[in-house]
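Asks: Heads up, the sequence shown is in my numbering, so the first residue is 126 and it goes up one at a time.
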Amino acid sequence: MKAVWEQTRSFSAPTRLLMANQFAINLAFYMLMPYLAAHLAGPLGLAAWAVGLVLGVRNFSQQGMFLIGGTIADRYGYKAPIMAGCLLRTAGFGLLGWVDNLPALIAASAATGFAGALFNPAVRAYLAAEAGERRVDAFATFNVYYQAGMFLGPLVGLALLAADFQAVCTVAAAIFAVLTVLQWRALPDRRATSADDTSTPAESVLRQWRSVLANRPFLLFSGAMIGSYVLTFQVYLALPLAAADSLGADATKATSGLFVISAAVAVAGQLRLTSWAKSRWRPHQALAVGLSCMGLAFVPLAFTPGGFAAMTLVALVSAVVLLAVGGAIVYPFEMDTVVALCDNRLVATHYGLYNTVSGLGITLGNLAIGAMWGFAQSRQMLWLTWGALVATGFACAVSVIALARSGRLAPRIVQTAS
Numbered sequence: 126m127k128a129v130w131e132q133t134r135s136f137s138a139p140t141r142l143l144m145a146n147q148f149a150i151n152l153a154f155y156m157l158m159p160y161l162a163a164h165l166a167g168p169l170g171l172a173a174w175a176v177g178l179v180l181g182v183r184n185f186s187q188q189g190m191f192l193i194g195g196t197i198a199d200r201y202g203y204k205a206p207i208m209a210g211c212l213l214r215t216a217g218f219g220l221l222g223w224v225d226n227l228p229a230l231i232a233a234s235a236a237t238g239f240a241g242a243l244f245n246p247a248v249r250a251y252l253a254a255e256a257g258e259r260r261v262d263a264f265a266t267f268n269v270y271y272q273a274g275m276f277l278g279p280l281v282g283l284a285l286l287a288a289d290f291q292a293v294c295t296v297a298a299a300i301f302a303v304l305t306v307l308q309w310r311a312l313p314d315r316r317a318t319s320a321d322d323t324s325t326p327a328e329s330v331l332r333q334w335r336s337v338l339a340n341r342p343f344l345l346f347s348g349a350m351i352g353s354y355v356l357t358f359q360v361y362l363a364l365p366l367a368a369a370d371s372l373g374a375d376a377t378k379a380t381s382g383l384f385v386i387s388a389a390v391a392v393a394g395q396l397r398l399t400s401w402a403k404s405r406w407r408p409h410q411a412l413a414v415g416l417s418c419m420g421l422a423f424v425p426l427a428f429t430p431g432g433f434a435a436m437t438l439v440a441l442v443s444a445v446v447l448l449a450v451g452g453a454i455v456y457p458f459e460m461d462t463v464v465a466l467c468d469n470r471l472v473a474t475h476y477g478l479y480n481t482v483s484g485l486g487i488t489l490g491n492l493a494i495g496a497m498w499g500f501a502q503s504r505q506m507l508w509l510t511w512g513a514l515v516a517t518g519f520a521c522a523v524s525v526i527a528l529a530r531s532g533r534l535a536p537r538i539v540q541t542a543s
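Take a look at the structure:
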């Protein structure tokens, strides 16, 4: 943690604030969201379809609106959408704990989702602009705070549930209220640099979007990276399914442990892994190595016979560790590459579209993996699912290398100092 603190202190005050801000955002989000479905189905007694609707609205209002949030940030500055997102999530989380009818729950869920669509692209664009040539280091440190919030959030939420769900929502809303005031008082306003900024009020939104959609290297890179998000999401889908299939009643505890291990590896290893990768590889090579590592994460599961709980548990832990290591290598170079490909123009809009593409990829990928799991399980061929995930990781790595060798990535990537 000393290294994290020293690295954090080396950045500017706004950058440090954005990192603390992201820690608090994830802390509040993950103290509430893992327990929302149980609250809706239990005390509120909603039908399963209604629970799915409320959760689906939240996901759609965030993933589907990232482009809108990024567009707003590029046109009106980064501070305003960050504040607006925190304020909107204050209201949304507050409502989730105190309303009990479906229309109000849907409205609250939509508010929490759109809040994320507002501040996520703006935070990343602000961080990239503030860090300058140290973008890779900044995003690596940022990810430590991101993962730390994910790690502590469920634990804090579980403790607050000893009182009731309203206490969880109230505390989460209070955190976002404090963040809103903190951004207002301490975060300087910042916009895209005047030399590259085309996101002026006189420019139409459609022209702004056409500019992003015309960036073919960026679109190709976005497509190449979709598989990495599908692989990361398997901590929520395929790995819990494997745990349930082999561990039975102990699956829930095992799954919780996997989340803890994943976050712990990212928090403890992020800075070391980033420094190690920077000293050895160019950005696209680091991406390829990280993506390959994520694909290799599923190899142990492919060779684990069913019915052996101990072997399955070892394979699951191995998978989570390799996924976390691969993701830690990928993340800072991935975020830096997006900025490099847009040449510091309309950065938030590019991040917004990138997040929307990855969100759509997660949805389609999960449908495919879910269908494949059912098919493979019925025929005792689960290796087929794991093999497909391994192939996905290597396909992403090969795609990134191909883009770099074709000249679509390497010429525009900004090298960062160690």
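Glycine included, each C-beta is placed from N, C-alpha and C at the ideal position.
1) Using 8 Å for Cβ pairs, my map puts Ala-254 next to Ala-263. What's the rounded Cβ distance?
2) Please report the straight-line C-alpha distance between Leu-152 and Met-275, rounded to a whole angstrom.
3) How long is the line joining the alpha carbons of Gly-373 and Pro-206, rounded to whole angstroms?
4) Alpha carbons only, please: which of Ser-381, Trp-223, Thr-474 is nearest the one belonging to Ala-298?
5) Checking 8 Å against the spacing of the C-beta atoms, do Tyr-251 and Leu-143 come in under that value?
6) To which residues of the same chain is Thr-524 closer than 7 Å at the C-beta, ignoring the five residues directly before and after it?
7) Would you mind giving the Cβ-Cβ distance between Ala-393 and Leu-438, rounded to the nearest angstrom? I have them listed as a contact below 8 Å.
8) If we count the other Cβ atoms within 10 Å of its Cβ and call it buried at 16 or more, is Trp-130 buried or exposed?
9) Enumerate in chain order the residues of its own chain whose CB-to-CB distance from Ala-216 is below 7 Å, with the five nearest sequence positions on each side excluded.
10) Taking all protein chains shown into account, decide if Asp-199 is buried (16 or more other Cβ within 10 angstroms of its Cβ) or exposed.
11) Which ranges would you report for the alpha helix (DSSP H) in the segment 286-311 if only whole runs of at least 4 residues count?
12) Starting from Arg-134 and walking both ways along the alpha helix (DSSP H), at which residues does that stretch end?
13) Can you give the Cα-Cα distance for Ala-542 and Arg-407, rounded to whole angstroms?
14) Going along the chain, which residues of its own chain have a beta-carbon closer than 6 Å to the beta-carbon of Asp-322, five neighbours each way excluded?
15) Got a sec: is the Cβ-Cβ distance from Pro-365 to anything in chain C below 8 Å?
16) Taking Thr-295 as the reference, give the member of Ala-522, Gly-278, Asp-225, Leu-221 with the closest Cα.
17) Does the contact criterion of 3 or more C-beta pairs under 8 Å hold for the segment 306-315 versus the segment 226-236?
18) Hey, out of Ala-288, Val-261, Phe-346, whose CA is closest to Gly-532's CA?
19) DSSP three-state label for Asp-322, please.
20) What span of residues does the alpha helix (DSSP H) with Pro-206 cover, start to end?
21) With DSSP collapsed to three states, give me the class of Thr-429.
22) I'd like the span of the alpha helix (DSSP H) that includes Val-482, first residue to last.
23) Within a Cβ cutoff of 8 Å, which residues of the same chain sit near Arg-530, ignoring the five residues on either side of it in sequence?
Replies: Once the coordinates are examined:
1) Separation of the CB atoms of Ala-254 and Ala-263 is rounded to 10 Å, and the pair is thereby denied contact status at 8 Å.
2) Straight-line Cα distance between these residues: approximately 6 Å.
3) Going from the Cα of Gly-373 to the Cα of Pro-206 covers about 45 Å.
4) Of Ser-381, Trp-223, Thr-474, the smallest CA-CA separation from Ala-298 is found for Trp-223.
5) Contact: yes.
6) The sequence as given places Ser at residue 524; Thr does not occur at that position. Close CB contacts of Ser-524 within its chain, under the 7 Å cut and outside five residues either way in sequence, are with Ala-349 (chain order).
7) Between Leu-438 and Ala-393 the Cβ distance is about 21 Å, and since that is not below 8 Å, they are no contact.
8) The residue is exposed, with fewer than 16 neighbouring Cβ atoms inside 10 Å.
9) So the list reads Ala-236, once near-sequence residues are dropped.
10) With 16 or more Cβ atoms within 10 Å of its Cβ, Asp-199 is classed as buried.
11) With a minimum length of 4 residues, the continuous alpha helix (DSSP H) runs that stay inside the segment 286-311 are 290-311.
12) Note, Arg-134: alpha helix (DSSP H), 127-134.
13) The pLDDT assigned to Ala-542 is 37, lower than 50, so where the model puts this residue is not dependable, and the model offers no usable value.
14) Model confidence at Asp-322 stands at a pLDDT of 47, short of 50, so the residue's coordinates are unreliable; what they give is reported in the following sentence. No residues qualify anywhere along the chain.
15) No chain C appears in this structure, which consists of one protein chain only.
16) Thr-295 has its Cα closest to that of Leu-221, out of Ala-522, Gly-278, Asp-225, Leu-221.
17) In the pairwise beta carbon analysis, the segment 306-315 is classified as not touching the segment 226-236: fewer than three pairs are separated by under 8 Å.
18) With distances taken between Cα atoms, Gly-532 lies closest to Phe-346.
19) Residue confidence for Asp-322 is low, a pLDDT of 47 falling below 50, so the modelled location carries little weight and cannot support an answer.
20) Per DSSP, Pro-206 is one residue of the alpha helix (DSSP H) stretching across 204-223.
21) Reduced to three states, the DSSP call for Thr-429 is coil.
22) Residues 472-503.
23) The answer is none, since no qualifying residue turns up.
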